[in-house]
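The numbering used here puts the first residue of the sequence shown at 1002, with every later residue one more than the last. Okay, structure first, notes after.
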Amino acid sequence: DPQFVKATTLRHEEPHQDKIYYFFREDNPDKSPEAPRNISRVAQLCKEDKGGTSSLSASKWTTFLKATLICVDPVTKGNFNWLQDVFIVPAADWRRSKVYGLFTNTWGSSAVCVYSFGDIDGVFRTSRLKGYSGPTPEVKPGQCVPSGQHTPSETFKIADSHPEVEERVEPLRPSRSPLFHNKHRYQRIGVHQVAAGDGRSYNVLYLATDKGSIHKVVELPDGVQNIMEIQVFPDKDPIQSMILDHARAVLYVGSSSRVLELPMDMCGAYRNNCHSCVLARDPYCGWANGSCLSLALGREVLQNLNLGSWQGNCQRGDVKE
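Below, the structure written as structure tokens:
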């Protein structure tokens, strides 16, 4: 049985091409001992799909197709096949919109793999159907038809009996590998884009663990860095939900018994120590006037996101233990 993780809609250039994407995991039909028990999937459905025209197909979607999501470490060949959560980062061009997928494996490790909707759409448009070797109809399976029209019955029959495409969806080029992976077991993911003092935007990931803590991870020019761990629930209650309020730059974090509001910047965690504040390479925070301040205050601050020469800018009195 499929276990749904997330659904989202995506606007295309023409309204009848708008699609709904589902992210889920399901039992692996391959029951061989070396095969993973579960497979992570992405599925597409045309938003204006009206179902079939016959009595048998009227209750079925006619444009549904599914593909496998791949998240594999190319060095260790470790397969992260259990999709836990998904976060969508939109872009002006829908093809450049990104999917941040949070995966775990049998041993309790986690990985984050990033995909583009352009790649996902390309897989559904160009891949052959798994197990189907017949001719391709004029209206291809999964193709959206203009408003008011129905998918031809010939196309529906093929897609209904062969809903999976052969090609798999891989992470972004050039590496085609996870953004990062580690030994922690994460359960939720959120991504916020923040403008730093250097004028660039940085992606900051918030990852909720099964032990009631949140890891704050930032994508930097030289790689990914885990810059902070904050224990949200002292009794280590697992975090079951996490919502990002981008406008107010706050997190809402929930366990089975309570909900807390947390600021995304958390600059106070650096204890007003200049070295701690700047070395953290936190795009939200910087050093000014003897304090580690949030950039949201609109002050000019000292940061070191690009590993420049900055040590001399921390005065002796600014380094507090």
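Using N, Cα and C, we set each Cβ at its ideal position, and we do this for glycine too. Just so we're clear, the structure is a prediction, and the values are computed from it rather than from any experiment.
Assumed close pair residue i, residue j - CB separation to whole angstroms, cut-off 8 angstroms
{"i": "M1229", "j": "M1267", "result": "6 angstroms"}
{"i": "Y1285", "j": "L1296", "result": "6 angstroms"}
{"i": "E1155", "j": "P1138", "result": "5 angstroms"}
{"i": "R1189", "j": "I1231", "result": "Contact flag wrong, Cβ pair sits at about 14 angstroms."}
{"i": "R1038", "j": "Q1004", "result": "That pair is no contact at about 12 angstroms."}
{"i": "V1251", "j": "V1170", "result": "Between V1170 and V1251 the Cβ distance is about 32 angstroms, and since that is not below 8 angstroms, they are no contact."}
7 angstroms Cβ shell around residue i - same chain, five flanking residues per side excluded
{"i": "W1095", "result": "L1011, R1012, H1013 and F1118"}
{"i": "P1164", "result": "F1065, L1066 and K1067"}
{"i": "L1261", "result": "V1233 and V1254"}
Alpha carbon of residue i to alpha carbon of residue j, nearest angstrom
{"i": "N1080", "j": "D1031", "result": "16 angstroms"}
{"i": "S1162", "j": "L1308", "result": "55 angstroms"}
{"i": "A1289", "j": "S1202", "result": "21 angstroms"}
{"i": "E1167", "j": "D1120", "result": "14 angstroms"}
{"i": "T1210", "j": "N1106", "result": "14 angstroms"}
{"i": "R1069", "j": "G1287", "result": "The question names Arg, yet the displayed sequence has Thr at residue 1069. Their backbone Cα atoms lie some 42 angstroms apart in a straight line."}
{"i": "C1327", "j": "K1067", "result": "With the chain covering only 1002 through 1322, there is no way to say anything about residue 1327."}
{"i": "S982", "j": "C1114", "result": "The chain is shown from 1002 up to 1322; residue 982 falls before or after that span and cannot be answered."}
{"i": "E1322", "j": "R1282", "result": "Residue confidence is low: E1322 scores 43 on pLDDT, short of 50, so the model does not pin down where it sits. No coordinate-derived value is stated."}
{"i": "L1103", "j": "S1111", "result": "7 angstroms"}
{"i": "A1092", "j": "L1180", "result": "19 angstroms"}
{"i": "I1040", "j": "I1071", "result": "9 angstroms"}
{"i": "L1298", "j": "G1198", "result": "12 angstroms"}
{"i": "G1227", "j": "N1183", "result": "Sequence check: residue 1227 is Asn here, not Gly. Approximately 11 angstroms, taken between the alpha carbons."}
{"i": "A1196", "j": "L1306", "result": "12 angstroms"}
{"i": "Y1101", "j": "Y1116", "result": "7 angstroms"}
8 angstroms CB neighbourhood of residue i in its chain, flanking five on each side removed
{"i": "K1061", "result": "G1052, G1053, F1157 and D1161"}
{"i": "I1159", "result": "L1130, Y1133, G1135, P1138 and P1142"}
{"i": "S1148", "result": "P1016, H1017 and E1049"}
Below-8 angstroms beta-carbon distance, residue i vs any chain B residue
{"i": "S1128", "result": "Absence of chain B from the displayed structure is noted, only one protein chain being present."}
Same chain only: Cβ atoms within 6 angstroms of residue i, ignoring 5 sequence neighbours per side
{"i": "K1212", "result": "K1237"}
{"i": "G1109", "result": "R1186"}
{"i": "T1009", "result": "Y1022 and I1089"}
{"i": "G1191", "result": "F1088, Y1207, M1243 and L1245"}
Item to check | Length at least 4, wholly inside the segment 1065-1123: the alpha helix (DSSP H) runs in chain order | outcome: none
Checklist entry - Which runs of the beta strand (DSSP E) fall wholly inside the segment 1002-1065 and span at least 3 residues, in chain order? => result 1004-1011, 1020-1028 and 1039-1047
Item to check | contact_flag[the segment 1015-1032, the segment 1043-1056] where n(CB pairs < 8 angstroms) is 3 or more | outcome: yes
Checklist entry - Are at least three pairs of beta-carbons, each pair with one atom in the segment 1123-1139 and one in the segment 1190-1204, less than 8 angstroms apart? => result Verdict: no, contact absent.
Next on the checklist: For the pair the segment 1218-1226 and the segment 1246-1256, tell me if three or more CB-CB distances fall below 8 angstroms.
Outcome noted: no
Next on the checklist: Can you confirm whether the segment 1273-1284 touches the segment 1251-1263 when touching is taken to mean that 3 or more C-beta pairs between the two stretches lie within less than 8 angstroms?
Outcome noted: With a cut-off of 8 angstroms, the segment 1273-1284 and the segment 1251-1263 do not count as touching, because too few Cβ pairs lie within range.
Next on the checklist: So within the segment 1227-1297, which uninterrupted alpha helix (DSSP H) runs reach at least 4 residues, ignoring any that extend past its ends?
Outcome noted: 1275-1280, all fully within the segment 1227-1297.
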